[in-house]
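Worksheet: one structure, shown below.
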Amino acid sequence: MSYRVFSRTGDRYLGNSNTREVHDLIHEDASPRACQIDEVIAAGYAVGFSPDTLDQAHVEGYDNCHYCIGELMR
Ligand SMILES: [Zn+2]
C-alpha cells in the first residue's frame, strides 16, 4: 500500500503522487530540477510505501526517478 507523508519519515523510498515517480532517498540528487524532494513534500504529493521497497512502489504504479534510480520502465 501507499500512504501520504508530510515530511521525510526515515524511509528509503518516497513517491510523488502527481508525477507517479518514486525516489530513492539514499541516492537523492539535490541539484535544481532533479529529485526536488522538499518541493514534493511541500506540495503535498509525497507518499510512502509499505513495505518500503522499490518493488512495492512499482506495484503501486510508480516509475523510477531518472536522477536517483534510473532504468525507467515506461
Ligand atoms: Zn529522484
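So our numbering is basically just the index in the sequence shown, starting at one, shifted up by 4. No residue lacks a Cβ here, since even glycine has one placed at the ideal position from N, Cα and C. Given the structure is predicted, the values throughout are model-derived calculations rather than measurements.
Contact test: residue i Cβ vs ligand 1 heavy atom, cutoff 7 Å
i: Glu32; result: yes
i: Gly62; result: In the sequence on display, residue 62 carries His and not Gly. It does not: the Cβ of His62 is nowhere closer than 7 Å to a heavy atom of ligand 1.
Heavy atom of ligand 2 within 7 Å of residue i beta-carbon
i: Tyr71; result: No copy of ligand 2 occurs in the structure displayed; its ligands are ligand 1 alone.
Those residues which DSSP pairs with residue i across a bridge
i: His31; result: In the DSSP output, where bridge partners are listed per residue, His31 has none listed.
i: Thr7; result: The sequence as given places Tyr at residue 7; Thr does not occur at that position. DSSP output for Tyr7 lists Gly52 as bridge partner(s).
i: Asn68; result: Val26
i: Gly19; result: Val26 and Val51
Through-space distance from residue j to residue i, alpha-carbon basis
i: Asp59; j: Ala46; result: 25 Å
i: Asp15; j: Leu29; result: 8 Å
i: Arg12; j: His27; result: 12 Å
Whether residue i touches residue j by CB criterion (8 Å)
i: Gly52; j: Leu18; result: yes
i: Cys9; j: Ala50; result: The sequence given here has Val at residue 9, not Cys. Their beta carbons are under 8 Å apart, which means Val9 touches Ala50 by this criterion.
i: Asp56; j: Glu25; result: no
i: Cys39; j: Tyr7; result: no
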